[in-house]
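Have a look at the structure below, then the notes.
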Amino acid sequence: MDMCDFMRQAEKGEHFDVAEACDTSVSYLYQLAGRHRYASARMAKRLEEATGRVAEDSEGRLAAVPRRSLVRFPEIFD
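Each residue of the sequence shown is one higher than the last, beginning at 76 in my numbering.
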């Protein structure tokens, strides 16, 4: 699942939970989802973990967003 799909399917409270866990804003998450910004490697890792935790609580409705999909150069994770 990419960030755009995650933001579409997640509820507002889940957006807030991810943003709070990553010490960022919901607006930043929307910028990532729209590909207007790219996350740093550290932020991408935190987002992957936070979306994974939210996905576990969603009973299969959501999936974690892979960190490779959040950065400009995904090969940094190879």
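C-beta atoms are modelled at their ideal positions from N, C-alpha and C, and glycine is treated no differently.
Remark: C-beta atoms of tyrosine 113 and valine 146 approach each other more closely than 8 angstroms.
The alpha-carbon of alanine 119 is positioned some 19 angstroms away from that of arginine 83.
Around the CB of arginine 110, fewer than 16 other CB atoms lie within 10 Å, so the residue is classed as exposed. Rounded to whole angstroms, the gap between the alpha carbons of phenylalanine 148 and serine 115 is 10 angstroms. Contact between aspartate 77 and valine 129 fails: their C-beta atoms lie close to 15 angstroms from each other, not under 8 angstroms.
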